Every structure is written in C-alpha cells, then in structure tokens.
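What follows is one structure encoded as structure tokens, with my remarks underneath.
Number of protein chains: 2
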Amino acid sequence: MRFELTKEFFETLQDAISVQDLVWISTNVCELHEADIAAIIDELEDDEAAYLYRLLDEDMQSEVLVELEEDVRERLLQTFSSKEIADQLENMDSDDAADLIAELPASQVEEIIGLISDTEAAEEIVDLLNYAEDTAGGMMQKEFIKARLEWPVNRAVIELRKQAEDVEKVYTIYVVDDKEKLVGFLSLKQLLFAGSDSTIADLYQNKNMISVKTGDDNEDVAKTMEKYDLVSVPVIDLQGKLVGRITIDDVVDVIKDEADKDFQMASGISEKVESSSSVFLMSRARMPWLMIGLLGGILGAQVISGFEFGISKVPALAFFIPLITAMGGNVGVQSSAIVVQSLARGNAHLGSVMKKLRKEALVALINGLILSITIYSITLIFGTPILGLVVSISLFTVIMFAAMFGTLIPLILDRYNIDPALATGPFITTLNDVLGLFIYLTIGMLLFNI
Amino acid sequence: MRFELTKEFFETLQDAISVQDLVWISTNVCELHEADIAAIIDELEDDEAAYLYRLLDEDMQSEVLVELEEDVRERLLQTFSSKEIADQLENMDSDDAADLIAELPASQVEEIIGLISDTEAAEEIVDLLNYAEDTAGGMMQKEFIKARLEWPVNRAVIELRKQAEDVEKVYTIYVVDDKEKLVGFLSLKQLLFAGSDSTIADLYQNKNMISVKTGDDNEDVAKTMEKYDLVSVPVIDLQGKLVGRITIDDVVDVIKDEADKDFQMASGISEKVESSSSVFLMSRARMPWLMIGLLGGILGAQVISGFEFGISKVPALAFFIPLITAMGGNVGVQSSAIVVQSLARGNAHLGSVMKKLRKEALVALINGLILSITIYSITLIFGTPILGLVVSISLFTVIMFAAMFGTLIPLILDRYNIDPALATGPFITTLNDVLGLFIYLTIGMLLFNI
Chain A
1 MRFELTKEFF ETLQDAISVQ DLVWISTNVC ELHEADIAAI IDELEDDEAA
51 YLYRLLDEDM QSEVLVELEE DVRERLLQTF SSKEIADQLE NMDSDDAADL
101 IAELPASQVE EIIGLISDTE AAEEIVDLLN YAEDTAGGMM QKEFIKARLE
151 WPVNRAVIEL RKQAEDVEKV YTIYVVDDKE KLVGFLSLKQ LLFAGSDSTI
201 ADLYQNKNMI SVKTGDDNED VAKTMEKYDL VSVPVIDLQG KLVGRITIDD
251 VVDVIKDEAD KDFQMASGIS EKVESSSSVF LMSRARMPWL MIGLLGGILG
301 AQVISGFEFG ISKVPALAFF IPLITAMGGN VGVQSSAIVV QSLARGNAHL
351 GSVMKKLRKE ALVALINGLI LSITIYSITL IFGTPILGLV VSISLFTVIM
401 FAAMFGTLIP LILDRYNIDP ALATGPFITT LNDVLGLFIY LTIGMLLFNI
Chain B
1 MRFELTKEFF ETLQDAISVQ DLVWISTNVC ELHEADIAAI IDELEDDEAA
51 YLYRLLDEDM QSEVLVELEE DVRERLLQTF SSKEIADQLE NMDSDDAADL
101 IAELPASQVE EIIGLISDTE AAEEIVDLLN YAEDTAGGMM QKEFIKARLE
151 WPVNRAVIEL RKQAEDVEKV YTIYVVDDKE KLVGFLSLKQ LLFAGSDSTI
201 ADLYQNKNMI SVKTGDDNED VAKTMEKYDL VSVPVIDLQG KLVGRITIDD
251 VVDVIKDEAD KDFQMASGIS EKVESSSSVF LMSRARMPWL MIGLLGGILG
301 AQVISGFEFG ISKVPALAFF IPLITAMGGN VGVQSSAIVV QSLARGNAHL
351 GSVMKKLRKE ALVALINGLI LSITIYSITL IFGTPILGLV VSISLFTVIM
401 FAAMFGTLIP LILDRYNIDP ALATGPFITT LNDVLGLFIY LTIGMLLFNI
C-alpha cells in the first residue's frame, strides 16, 4: 500500500503526540514504510519529531534517519548523545553512515567513530570518509557480494549466504581473482539455476564488464549507469581491486540533484537551495545574478543616455525598449537551453559547432521573420511607418544576434570547462539586453535621420 | 571496460565501412556493449548505419535497436521488410517491442503483428498497446517472475527457472494467490538461501508491499519508485491482479525527460525538442513564448506611450527602463523556480501558502534593500538625486511585487492542475515587465512633479 500524507492524518498525529496516545501512534505510524515515516517527521515540529522518533524500534530509527531532510536530521541529532549516534551508524549501510558523519560537526566525528563497537563497520566508515563526496568513492558502499573465481557453486552459495546477511539488496555477484582484482560478474539468477558441479569460473561473465574508478566524478557514474542500464556498478581502485559498489538509488539522487541545479541556474539561482532553506541562504543564492542584472541595467542606461538627444526628439522610440530587450533575452535563453541540454547529455561532441550555428541561424531566421512582420503590422496601426520599420528591422537583427550568442556562449564556456548551464540565466539575457538596445537605437537614429 | 567514442575511432570506422573492412569492424565494433554500438550508429550516415547494423548478430540487433535515438531508428526501420521488423520484435522485452510498434506508421502495425511467429509474444504486445503511453500500463513489461503462495521452495525453483529464461533481469519475485492477485514479494536472495522444506507462504513478505496501478501516471510511478528506493515495481489492474512490472531504467528515463521538459519550459520552449529535431519543429516550439513576449512588449509600449509627455520632459527616465524590466523578470523567475521545484517534489502540500509568501517577501525585502541602495549610490554619481530616488524606490517596489507574483502564480496554476513550470518562463517575465514599467513611470511622474 502506498501511503498519502493528508492534512487530516497529520493533524490527528499532532494531537496524538500532544496527548501521548501511544496506541494510535504505534498502529498508524510505526508500521509505515521508513520513507513515509521520514516524510512525516520532516513536517513535524522539532520536539514532536524527537518524540515520535524515539517510539520507533532501533532498526527503523536508522532507516528513517537516512531518509530525513538534511536540516531536520541535523536538528534531531542535536538531541542525541554521541553514543546514541554511534549505535545508529552501526545499523546503517556504510555509505549512508559515512554521509551522515560528514554532516556532523568536525569536533564530534572522532569521538563518535571511537564509540562504534563493531570495528569492521568503523573501519569501513573511516575508509569511505577519505573519498571526496562527489566522486565514485564518496558514493560507494562497502556492502557487496563477491565470489572467487575458483569457488565451486556449492561453496559459493555458503560463502555468499554469510556475506548476504550484511547486504540488503543483492543484484549482482562480483567475481574477483586471488589478488582481489575484479574480473567479471554473475547474476544471482545464474547462480540460483546453476548445476552444483560447476565453479564460478564456468559461470561468470567478463564481456561488457562495466566498472567505475574511485576517483570518477559522480555525474560520470550517473551517466555510465544510465547509459548501460545498470542497477549497480562495482567500484575499483587504481590497482583494479574491487573496493565497493554504487546502487541505482544513489544515482537517481545525483540525476535529480543535477537537474535541480541546472533548473535553478537557468532561473538565476547560484547555490543549491530548497524551499526549506534559510532566508539568508536564499537571499545570498540570488544576489550574484541580480547584481549582474543590475550591472546590465546600468550599462543599458549608459547606452540609452548616449541616444538622449534622439529620444527627446522622437520619444516614441522609448516605447519599444522593453520589447526589444525582452525578445533578445527570450531568444537567447531558448537557443542556449538546447545547447546546454545536448552538452549535458554528452552528445554534442561529434556534431560540429558550425552545424549547430547554421541550424540555430535558420530557426532564428524563420522566427525573426514571422515576429518582425507581425510587429510591423501592429505598429502600423498605432504608430508611424518609420517607427514600424525601425522596430521590425531591429527586432529581426536582435533575434539573429541573440540566437548566435545563445548558441556560442555555452559552447565556449564548455570548451573552457565552465558549467554551460551558467549561460542560460540572466547572463545571456543581460548581454542581449545591452546589445539589443544599441542595435535598436542605432537603427532608430539612422532611419529617423537624427 | 567503458568505451569512449572518439573522433579518431569514428573516422577510422567510417573508412572501414567505406572499404567494407569486415575484420576491423567485427573486432572493434561488434564486440562492444549494445549502448555503445547504438551511440555509434546514432552518429553515422543512414547508409553507413544500415550497413553496420546488418553486420551485428540477431540478438545484438534487437538490443541496439531499442537503444537508438528515435529518428535514427525510424530511418533505419524504413530499410526493413515487415517480416524483418517482426523478427526483431520477438527478441525484445515486451515493453520495448510495444514502444517500437507505437512509433511505426499505423498502416504497417497490423501486418507486422500478424507476422510475429511467437503468438504469446504477439498477445503481450497487443495487450500493452492498449495502455496510454504515459501511464504505468504503457511503461510496464510482461516479463516478470511470479510464485504461487502454496508452492514449496523446490517446486518454486523449478518453476522460476522456466520463467526466468524470458526475464533478463530478475530483482524480485512477486507472490500471487490462486486468483492471480498480488499478495506480497520475495527477493531472489531469500529464495536462494531458504531451507528446502519451506513454502513460499513461509518466506514471502507482505508488509510494505508497494505496487502501482495500470492507470497511474508515469510521473507518479517515478515518484513512488524514487521515494521507496525500488528497483522494480509490480503493476496491478483494477482487480488487484498482477499484470506487469516496471524496472528502474525506464523510470530513470522518465525522470530525465521530466527534468528536460521543465528546463525547456523554464527557458521558453513549449514542446520537447532535442538538438537533432527539425528546424520547423524547433521554430514552432519556440513561437508561443516569443508571441507572449511580443504581446508583453506591445503592452509595455502602450504603458510607456501613456507617459510620453513625461518622457519628453525628462528623457533620462527612459534610461532605466531596461533595468526595471530586467530586474522584475529576474526576481520573478527566481521566486517561481523555488516554488515550481517544491511542487514537483510533491512536498509543498502541507506548508501553507501564507508561510511561503512571508518567506519570499522577507528574501525580497533583503535583496530589494541591498539593490535599491546600490542603484541609488550609482545614480547619484551619474544623474540627479531625484532620478536616483525614482529608480531606487521603483526598483524596490518592483522587486517586492515580482517576488509575490513569482510565488503566487505557480501555486495558483497548480491549484487548477496546470503545470506550474509554465510560470517560470517568459510568462512571469512578461507580466513583471508591464507591471514594473507602470510602477516605475508612475513614481517618476510623482517625484518629478510632472
């Protein structure tokens, strides 16, 4: 059953917590899926959250902890002793434990690791903390199942049964040689349906063995798993030894985060924020782009002031300033969005830049012509024929330029290893504003003979 | 080994194809992963693609066909006879086969289905074609493994071995009762490590059994699988009968597609296009937003023309028109992006609208004050104190209004079941342009006493 958190349920729960109605809570909440309980706790007030959390059994507690939103988890953990945190960590997958420790204040980390009673688990966590967060090493977990080449199937089943106790989800069995080097893989299905007299060496596959290296960037890991439709991928070190695995659920998070970041960047927000982030963080994340916009506005004012004499003679020229700047911005953003996406997908390497530019120029030509003719007809009704001519010629020119800049700038940024998503925000809009104003007013001066 | 398609490799391959160097092609290409071969074929010219494709063995052909880009696949299939297409379909998973058939011209579909020699496969495909593409039914595949409650483990292993031949990836065994109703699940790991005297009823789990219904929207399926960290999810019909399963790789595609669509919508592109789409499609996808922008520009012109007398008296007022419109647009887009994302994540239901508005107002207040003071100081250097006052007061007012509209409009659209991502494009920008102009020029008239 899927659970839907309704307003009624939530209010009933808050009442139950306030009167400490343990029966209602344990029948209606404690039996839910950990993801649902986490979603409920995310919405509760801090003291309610802490109360509900302590009613869960120990295994559920650590599972819920992993699923909570970062800021909620941080506040909840502040009500815990170091020993309690250490106990929770022991119940978690190594990657989740390492991620959680990385969120704690540095002063507490050493103490907590010292309090973990399972030394093997502690070692795994310490090992994982060595890797940078956004690499394959930082994403991987130490829980995986491996079989040695020379094992017969019977022995493999016994050994794997031991290993499998610690591994929640088993998708693939990795096959290693006597130096722990990854040599191939085997699906659980193959093992299940194998004759008992065969060995792993008879069963395993090494063709198309896809693995990632500990230092690989997490976006590359996501692209690899997506491209090859993998549910888990083994991680090897520089010597080719198997050191961990990454599962698809972590990769889905990377893909979502990446998409969110691109979307926010295109919307002019320079740090990753959520609707629950603090007002200060939200303000700061927006400021860089607003400052660029302000700078663009001031440059625009400079350009227009250069044409002050013209505007005082033909004030109607001022009417269409917003139209020109808006259209330049829109066209620029549209063009860059397509390029940014094809760069993000990694399929823009072979197609030549010239081919892209030609195509964008063609699209701009079609749209520019349609829009210019439309605006010419409309201005004819309201204004003078010359004004109509000025607006429509400028609009066409601005659209062509904006499309070219919108295409080129992300490509250039990418060439210099700057995230091209930067280009689809106010940056392109601002550039096109200033350029558009200059084109418009220059054409205006020429045609009005000022 | 992961394969990287380099320019050198690609050119060597093109040479090899032109001289029909079968040895080079079969050693260097035919052994690659299907995803890599598909990526190569995507880049080749049509005749090269058809040549290379026919060199692959039959199993590989159908796997590559699934991975190709839609337009490449369409052109490739035009070189096939209906019988050849039918043969390829038989080798595919039922969901891929149904998706492929849905792409074919309607006139050909019936003939091809008639030519599929495996009648069970044909029936499955026909069944899947009944479901709408963007529902769970349209995403699911008929290949899954199910066990009956009453089976003993030994019998289950034998039955499952039969079933597993058709199922490429086995993650979970679904457990059904004697009416084919889904009652629970079992991991392959549990079956592998179970004692041989137990039955499925002893082993299976029914707590937290997550399933989706055939009619569920594909985005809901993606959200469910993501929330519960599922690798596959069973699909049931209205009677609760198990009819299919959806695997995570298809969901990753939905997540990516959704993110791409949102990104494009925020960039003012109204239909899903790719850098390989036709010039006509690209132009058409951009036109609606550009027309809205044009309309906004014309409305803006109307607003400014209402203040023509004022501008002819103080032409300097025109200087800051682009600054006001740009800033209004930027702030509006930033505010709406946050709301759109939290709506997309589905965690905006409990937080009240008033709370969001208060927070956005606070952020706008902080940024508005900083930016207004900045612009006041700068205009003092270049212009008159009154102009500085007009610009800074208007900028502050516009930022406050833009933040409110940017927050409210996506919430209102969502309330009326319109995709709120619509709000973060030129729509909000345009609205804020017109409003900002009116505020700016009105304040200008008041302070300049015109």
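Protein chains in written order, with the numbering used here: chain A, 1 to 450; chain B, 1 to 450. Note that CB positions come from ideal geometry on N, CA and C, so glycine has one too. What you are looking at is a predicted structure, and each value in this text was computed from that prediction instead of being measured.
Under 9 Å, do residue i and residue j count as touching if we go by C-beta distance?
{"i": "L441 of chain B", "j": "L323 of chain B", "result": "no"}
{"i": "E219 of chain A", "j": "V252 of chain B", "result": "no"}
{"i": "A136 of chain A", "j": "K213 of chain A", "result": "yes"}
{"i": "L431 of chain B", "j": "M400 of chain B", "result": "no"}
{"i": "I85 of chain B", "j": "Y51 of chain B", "result": "no"}
{"i": "G328 of chain A", "j": "G436 of chain A", "result": "yes"}
{"i": "D95 of chain A", "j": "D217 of chain A", "result": "no"}
{"i": "A326 of chain B", "j": "G300 of chain A", "result": "yes"}
{"i": "P451 of chain B", "j": "F185 of chain B", "result": "Residue 451 of chain B is absent from the structure shown; chain B starts at 1 and stops at 450."}
{"i": "I439 of chain A", "j": "T397 of chain A", "result": "yes"}
{"i": "I304 of chain A", "j": "I292 of chain A", "result": "no"}
{"i": "M60 of chain A", "j": "I25 of chain A", "result": "no"}
{"i": "S335 of chain B", "j": "A402 of chain B", "result": "yes"}
{"i": "V363 of chain B", "j": "R286 of chain A", "result": "yes"}
{"i": "G388 of chain B", "j": "V333 of chain A", "result": "no"}
{"i": "N91 of chain B", "j": "E58 of chain B", "result": "yes"}
{"i": "G296 of chain B", "j": "T429 of chain B", "result": "yes"}
{"i": "T224 of chain B", "j": "I236 of chain B", "result": "no"}
{"i": "L395 of chain A", "j": "L380 of chain A", "result": "no"}
{"i": "I200 of chain B", "j": "E150 of chain B", "result": "yes"}
{"i": "D93 of chain A", "j": "Q14 of chain A", "result": "no"}
Strictly below 7 Å CB to CB, what residues from chain B border residue i?
{"i": "L371 of chain A", "result": "L290, L294"}
{"i": "G268 of chain A", "result": "N330, V333, Q334"}
{"i": "R161 of chain A", "result": "F193"}
{"i": "K256 of chain A", "result": "I255"}
{"i": "L408 of chain A", "result": "Within chain B, no residue comes near L408 of chain A; the closest Cβ sits about 14 Å away, beyond 7 Å."}
In its own chain, which residues sit with a C-beta less than 6 Å from the C-beta of residue i, not counting the 5 before and 5 after it?
{"i": "L343 of chain B", "result": "D414, P420"}
{"i": "R75 of chain B", "result": "D46"}
{"i": "G306 of chain A", "result": "none"}
Note down, in chain order, each residue of its chain lying with its Cβ closer than 8 Å to the Cβ of residue i, except the 5 sequence neighbours on either side.
{"i": "K146 of chain B", "result": "Q163, I173, Y174, V175, V176, L242"}
{"i": "I113 of chain B", "result": "A86, I101, A122, I125, V126"}
{"i": "L89 of chain B", "result": "S62, A97, L100, I101, I112, I116, A121, I125"}
{"i": "F10 of chain B", "result": "I40, E43"}
{"i": "V221 of chain B", "result": "A136, M139, V212, V233, I246, V251, V254"}
{"i": "I450 of chain B", "result": "F309, G310, K313, V314, G444"}
{"i": "F3 of chain B", "result": "L32, H33, D36"}
{"i": "L281 of chain A", "result": "E271, V273"}
{"i": "L203 of chain A", "result": "V153, L186, Q190, L191, A194"}
Residues of chain B with CB under 9 Å from residue i, in chain order?
{"i": "E63 of chain A", "result": "Near E63 of chain A there are no residues of chain B at all, since even the closest Cβ is about 10 Å away, more than 9 Å."}
DSSP beta-bridge partners for residue i?
{"i": "G184 of chain A", "result": "A:V175"}
{"i": "A147 of chain B", "result": "B:V175"}
{"i": "Q141 of chain B", "result": "B:R245"}
{"i": "T429 of chain B", "result": "Answer by DSSP bridge pairing: none, since T429 of chain B is not bridged."}
{"i": "T135 of chain A", "result": "A:D217"}
{"i": "P152 of chain B", "result": "B:T199"}
Output, in chain order, the set of chain A residues within a Cβ distance shorter than 8 Å of residue i.
{"i": "D229 of chain B", "result": "A35, D249"}
{"i": "V363 of chain B", "result": "V279, M282, S283, R286"}
For a contact defined as C-beta to C-beta under 9 Å, what are the partners of residue i on chain A?
{"i": "D197 of chain B", "result": "In chain order: nothing, as chain A lies at least about 17 Å away."}
{"i": "E8 of chain B", "result": "Residues of chain A passing the Cβ test: none, with the nearest at roughly 12 Å."}
{"i": "V327 of chain B", "result": "First, the residue type needs correcting, since residue 327 of chain B is Met and not Val in the sequence shown. Here the neighbours are L290, G293, L294, G297."}
Any beta-carbon of chain E closer than 9 Å to the one on residue i?
{"i": "R286 of chain B", "result": "Annotation note: the requested chain E is absent from the structure, which comprises protein chains A and B."}
Looking only at its chain, what residues have a beta carbon closer than 7 Å to the beta carbon of residue i, apart from the 5 residues adjacent to it on each side?
{"i": "D166 of chain A", "result": "E143"}
{"i": "D71 of chain A", "result": "S276"}
Name the chain A residues whose beta carbon is nearer than 7 Å to that of residue i?
{"i": "N417 of chain B", "result": "Neighbours of N417 of chain B on chain A: none; closest Cβ ~17 Å, over 7 Å."}
Since residue i meets chain B, which of its residues come closer than 8 Å, beta carbon to beta carbon?
{"i": "E70 of chain A", "result": "The contacting residues do not exist; E70 of chain A stays about 13 Å from chain B at best."}
List in chain order: all unbroken beta strand (DSSP E) runs of 3+ residues lying wholly within the region 65–93 of chain A.
Entirely contained in the region 65–93 of chain A, not one beta strand (DSSP E) run reaches 3 residues.
Runs of alpha helix (DSSP H) wholly within the region 183–254 of chain A (minimum 4 residues, chain order):
The qualifying runs are 188–192, 200–203, 218–227.
Complete beta strand (DSSP E) runs within the region 314–368 of chain A (minimum length 3 residues, chain order):
Those beta strand (DSSP E) runs which fall completely within the region 314–368 of chain A and span 3+ residues do not exist here.
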